[in-house]
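Okay, so here's the structure we're looking at.
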Amino acid sequence: MRLMRVGPAGRERPVVSRAGGTWFDATPIAADYDPEFFSGDGIARLRAALEGGALVEASIESDRIGPPLVRTPSIVCIGMNYAAHAAESGALPPEDVVVFFKKSNTLVGPNDPITRPDPRSTLDWEVELGIVIGARLHGEVTDDEALSAIAGYVLANDLSDRWSQIEWSGGQWSKGKSFPGACPLGPWIATTDEVPDPQDLALRSWVNGEPRQSSSTADMVFSVAAILVELARVMELEPGDIVLTGTPQGVALSGRFPYLAEGDTVRLTIDGLGEIAQTVFPVSD
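Here is the structure:
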């Protein structure tokens, strides 16, 4: 299934579809796609209702698409998880999982505008595979146990202000990762049955139509399972948490491309997870 939320910011409603099919109103089953929905049997009940013909068709053509889940407890990010990206950043591939965080209130819709947070900001794009957690995960777990805790996968842009992340960070990457709107997400969450192999997905990005990133999740240093196994050792992952799994080479930090400027549009895709695009606007007054 594909889980999406549509409507004005703060008043989105949940809809659901089979891959590439008609969208249906999910509200008879899900008040919203939130931690309560993911922690219970929400996905199973929604699938049964969809397959049983119990949902009515939703008209969404003119609606804004919002972030596909709400009230996420945490956004956990993985750094340097593609060897070529580490190299373009002047680093070696990490021997251990590199972890940092975004604030959960950075989530915005997949096509919402990017507002430059500061006149000094150097804005960079990062196409990433996101994991949506569907069950509590903590302690020593196996790869299979880690994968069974996943509710679905989602496309994300891990927007970064490199000035805050590097020049003013004190070594704390989260300083450049948590400005308002720094995590465009969507357009939908694909449940795990739609993504049989998360290590075989193409990721791509463009700026103003010019290619920037083109890679595959097969090139990850740490696989989806390995990331969750490592995280579970040091924290408790909760339903509704998002884990961003790192970005491949081709970002502005490499020095090969300019940083995002006002009026630029960045477009990103991942196989089976749709396409998102954001346009940069000046610092708000």
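In the numbering used here, the protein residues as written are 550 to 834.
We treat Cβ as the ideally placed atom computed from N, Cα and C, and that holds for glycine.
Measuring straight from C-alpha to C-alpha, what distance separates residue 566 and residue 621? Looking up residue 566 in the sequence shown gives position 17. Looking up residue 621 in the sequence shown gives position 72. Cα to Cα, residue 566 sits roughly 22 Å from residue 621.
If you run the structure through DSSP and keep just helix, strand and coil, what is residue 600? Locating residue 600 in the sequence shown gives position 51, counting from the first residue. Reduced to three states, the DSSP call for residue 600 is helix.
Would you mind reading off the limits of the alpha helix (DSSP H) that contains residue 697? Residue numbering aside, residue 697 sits at position 148 when the sequence shown is read from its first letter. Looking at the DSSP string, the run of the alpha helix (DSSP H) that includes residue 697 is 692-697.
Tell me the residue span of the alpha helix (DSSP H) that contains residue 633. Counting from 1 along the sequence shown, the entry for residue 633 is found at position 84. Counting along the chain, the alpha helix (DSSP H) containing residue 633 begins and ends at 632-637.
Check this for me: beta carbons of residue 826 and residue 814, under 7 Å apart or not? On the sequence shown, residue 826 is found 277 positions in, with the first residue counted as 1. On the sequence shown, residue 814 is found 265 positions in, with the first residue counted as 1. Contact flag set, yes.
Can you find the residues in the same chain that come closer than 7 Å, C-beta to C-beta, to residue 573, ignoring five residues on each side of it along the sequence? Translated into the one-based positions of the sequence shown, residue 573 becomes position 24. Same-chain partners within the cutoff: 564, 565, 566, 599, 604, 605, 606, 607.
Report the three-state DSSP secondary structure of residue 712 (helix, strand or coil). Within the sequence shown, the letter at position 163 stands for residue 712. Residue 712 falls in the helix class under three-state DSSP.
Rounded to whole angstroms, what is the Cα-Cα separation between residue 721 and residue 601? For this step, residue 721 is matched to residue 172 along the sequence shown. For this step, residue 601 is matched to residue 52 along the sequence shown. If I take the Cα positions, the gap works out to 49 Å.
List in chain order: all unbroken beta strand (DSSP E) runs of 3+ residues lying wholly within the region 724-805. Qualifying beta strand (DSSP E) stretches, in chain order: 738-740, 751-756, 759-765, 791-793.
Can you tell me whether residue 693 is buried or exposed? The criterion is at least 16 other CB atoms within 10 Å of its CB, across all chains shown. On the sequence shown, position 144 is the one that residue 693 refers to. That one is exposed.
Residue 570 by DSSP, collapsed to three states: which one? Here residue 570 is taken as the residue at index 21 of the sequence shown, counted from 1. Residue 570 falls in the coil class under three-state DSSP.
Drop a sphere of 10 angstroms on the beta-carbon of residue 618, count the other beta-carbons inside from all chains shown, and report buried for 16 or more, exposed for fewer. Counting from one through the sequence shown, the residue named residue 618 turns up at place 69. Counting Cβ neighbours within 10 Å, residue 618 comes out buried, since at least 16 surround it.
Close-in-space but distant-in-sequence residues of the same chain around residue 808 (CB under 8 Å, 5 per side omitted): As a position in the sequence shown, residue 808 is number 259, starting the count at 1. Cβ neighbours of residue 808 beyond the five flanking positions: 671, 672, 673, 711, 801.
Enumerate in chain order the residues of its own chain whose CB-to-CB distance from residue 757 is below 7 Å, with the five nearest sequence positions on each side excluded. Stepping through the sequence shown from its first residue, residue 757 is reached at position 208. Excluding positions up to five away in sequence, the list reads 813, 814.
Quick check: what's the CA-CA separation for residue 700 versus residue 587? For the purposes of this step, residue 700 is identified with residue 151 of the sequence shown, where counting begins at 1. For the purposes of this step, residue 587 is identified with residue 38 of the sequence shown, where counting begins at 1. Those two C-alpha atoms are separated by around 7 Å.
Kindly list the residues whose CB is nearer than 7 Å to the CB of residue 781, restricted to its own chain and excluding five residues on each side of it in sequence; keep chain order. Mapped onto the sequence shown, residue 781 falls at position 232. These residues qualify, in order along the chain: 686, 687, 688, 690, 695.
Mind checking who residue 701 pairs with in its DSSP beta bridge? In the sequence shown, residue 701 corresponds to position 152, counting from 1. Bridge partners of residue 701: 681, 740.
Rounded C-beta distance between residue 750 and residue 820? I'm assuming under 8 Å. Counted from its first residue, the sequence shown places residue 750 at position 201. Counted from its first residue, the sequence shown places residue 820 at position 271. About 5 Å separates the two Cβ atoms, so the contact holds.
Would you call the region 673-683 and the region 642-649 touching, i.e. three or more CB-CB distances under 8 Å? With the cut-off at 8 Å, the region 673-683 and the region 642-649 do not touch.
Considering only DSSP beta bridges, list what residue 627 is partnered with. Within the sequence shown, numbered from 1, the residue matching residue 627 stands at position 78. BP columns for residue 627 point to 648.
Ignore the nearest five residues each way along the sequence and tell me which others in residue 579's own chain have a CB closer than 7 Å to its CB. By one-based count along the sequence shown, residue 579 stands at place 30. Cβ within range, chain order: 563, 586, 591, 595.
Determine, using beta carbons only, whether residue 822 and residue 739 come nearer to each other than 7 Å. Stepping through the sequence shown from its first residue, residue 822 is reached at position 273. Stepping through the sequence shown from its first residue, residue 739 is reached at position 190. Yes. Within cutoff.
Check residue 618 in the structure and name its three-state DSSP category. Within the sequence shown, numbered from 1, the residue matching residue 618 stands at position 69. Reduced to three states, the DSSP call for residue 618 is coil.
Answer with buried or exposed for residue 640, where buried requires no fewer than 16 other C-beta atoms within 10 angstroms of its C-beta. Sequence index remark: in the sequence shown, residue 640 carries index 91 (1-based). Around the CB of residue 640, fewer than 16 other CB atoms lie within 10 Å, so the residue is classed as exposed.
State whether the region 764-775 contacts the region 628-639, with contact taken as three or more CB pairs (one from each stretch) at a distance under 8 Å. yes
Cβ neighbour criterion (16 or more within 10 Å) applied to residue 681: Start at 1 with the first residue of the sequence shown, and residue 681 comes out as number 132. If you draw a 10 Å sphere on the C-beta of residue 681, you find 16 or more other C-beta atoms in it, and that means buried.
Confirm, please, whether the CB-CB distance from residue 798 to residue 637 is below 7 Å. By 1-based counting over the sequence shown, the position of residue 637 is 88. By 1-based counting over the sequence shown, the position of residue 798 is 249. Yes, they are a contact pair.
What first and last residue would you give for the beta strand (DSSP E) that runs through residue 824? Position 275 of the sequence shown, counting from 1, holds the residue named residue 824. 823-830 is the span of the beta strand (DSSP E), which, as asked, contains residue 824.
Can you tell which of 650, 635, 613, 612 has the C-alpha that lies nearest to the C-alpha of residue 624? As a first step, residue 624 is located in the sequence shown; it is residue number 75 there, counting from the start. Closest by alpha carbon: 650.
Nearest by alpha-carbon distance to residue 611: which of 555, 697, 664 is it? Counting from one through the sequence shown, the residue named residue 611 turns up at place 62. Closest by alpha carbon: 555.
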